[in-house]
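Undergrad:
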Amino acid sequence: MMRLRRFTFILLFFAAAGCTKRAQLQNVPRDAQQAIDRATASLEAKLYKEAEEQFTFVIFNFPGSRQASDAQYYLAETYFRSKDYIQAQSEFDFYLRNFPNARFQEEATYKLAVSYLRSAPSHVRDQVRALKARETIDQFLESYPDSPFRPEAEQLLGDIAERLALREFDAARIYYTSGEYKSALIYYHYVNGTYPADRWPGIERYRFAVSLLETADTAKAREVLMEIATGSSEETVKKLARGALARTD
7 MMRLRRFTFI LLFFAAAGCT KRAQLQNVPR DAQQAIDRAT ASLEAKLYKE
57 AEEQFTFVIF NFPGSRQASD AQYYLAETYF RSKDYIQAQS EFDFYLRNFP
107 NARFQEEATY KLAVSYLRSA PSHVRDQVRA LKARETIDQF LESYPDSPFR
157 PEAEQLLGDI AERLALREFD AARIYYTSGE YKSALIYYHY VNGTYPADRW
207 PGIERYRFAV SLLETADTAK AREVLMEIAT GSSEETVKKL ARGALARTD
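Count along the sequence shown from 1, add 6, and you get the number used in this note's numbering.
1. Is D204 helix, strand or coil by DSSP?
2. Spatial neighbours of G208 within its chain, please: CB distance less than 7 Å, with the 5 preceding and 5 following residues excluded, ordered by chain position.
3. Hey, quick one: how far does the alpha helix (DSSP H) through R36 stretch, first residue to last?
4. Taking C-beta to C-beta, are L170 and A119 nearer than 8 Å?
5. Confirm, please, whether the CB-CB distance from T115 to F66 is below 8 Å.
6. Return the residue from the list L53, Y79, E50 that minimises the CA-CA distance to V64.
7. Return yes when the Cβ of A190 is within less than 8 Å of the Cβ of S217, no when it is not.
8. Here's the rule I'm using: 16 or more other beta-carbon atoms within 10 Å means buried, otherwise exposed. How should K161 be labelled?
9. With a cut-off of 8 Å on the beta carbons, I'd call E112 and Y85 a contact; round off their distance for me.
10. Could you tell me the alpha carbon to alpha carbon distance between Y101 and L231, rounded to whole angstroms?
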């Protein structure tokens, strides 16, 4: 009796497995358009894991089709929307390199730059990804000067410049606090040539002026101090600037 029950269970198990497999086969898309429609529906529903698998299915099962190239873009977009920016960067880069005439080149180039920046570590660490983002945005603006993404791309350049400036300020501050003003000026001069003065933190602008004073560049120091004293810096920084100006009279 026990053997009969076990045999019956095994038959039922394999029958169920066969039904499951047949159901799966029935759900497999029969053409590229059906497959990509299903994948994009998953993406719009924020079912990112399912979308990832479904776009990958299109890429491997319908190679050479327009849907396959679109699926590569949407696969990158899936990672982008799920904030997996390192993987998004890799997939956008693959799309741009392997489908140079595909229809999402403009969007992919812009989002590649965004992915580089958003996957970059904080400003205190290596900024290779931020620099790569800047290079990509420069190429984007040159290739697509009338792009609707242009305002966002220009804002991105500003964000990158700020990130790089903060790194230089950190280095300058170390030398400034130790009284090594010539070394501090190497970093301050670099930022002064690459980052708008009105976006500097007021205290960094003041330290720049002091470093100029301490290295006998009085004329330039007075110019910067006057700019601080009459500008929009915090009142405490303006007071410091006025005091330093008085000492140069």
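Ideal Cβ positions, reconstructed from N, Cα and C, are used throughout, including at glycine.
TA: Answer, in terms of the structure:
1. Locating residue 204 in the sequence shown gives position 198, where the first residue counts as 1. The DSSP-derived three-state label of D204 is helix.
2. Residue 208 sits at position 202 when you count from the first residue of the sequence shown. Excluding residues within five positions, the ones whose Cβ falls inside 7 Å are I234, S239, E240, V243.
3. Translated into positions along the sequence shown, residue 36 becomes position 30. Per DSSP, R36 belongs to no alpha helix (DSSP H) and is neither H nor E.
4. For this step, residue 170 is matched to residue 164 along the sequence shown. For this step, residue 119 is matched to residue 113 along the sequence shown. Contact: no.
5. Along the sequence shown, one-based indexing puts residue 66 at 60. Along the sequence shown, one-based indexing puts residue 115 at 109. Between F66 and T115, the C-beta gap is not smaller than 8 Å, which leaves the two residues out of contact.
6. Numbered from 1 along the sequence shown, position 58 holds the residue referred to as residue 64. Distances from the alpha-carbon of V64 to those of L53, Y79, E50 put Y79 closest.
7. Taking the sequence shown and counting its residues from 1, the one referred to as residue 217 is at position 211. Taking the sequence shown and counting its residues from 1, the one referred to as residue 190 is at position 184. Yes, the pair counts as a contact, with Cβ atoms nearer than the cut-off.
8. If you number the sequence shown from 1, residue 161 lands on position 155. The residue asked about is misnamed: residue 161 is Gln in this sequence, not Lys. The residue is exposed, with fewer than 16 neighbouring Cβ atoms inside 10 Å.
9. Taking the sequence shown and counting its residues from 1, one reaches residue 112 at position 106. Taking the sequence shown and counting its residues from 1, one reaches residue 85 at position 79. Not a contact, Cβ separation roughly 19 Å.
10. For the purposes of this step, residue 101 is taken as residue 95 along the sequence shown, with counting starting at 1. For the purposes of this step, residue 231 is taken as residue 225 along the sequence shown, with counting starting at 1. So the two alpha carbons sit approximately 51 Å from each other.
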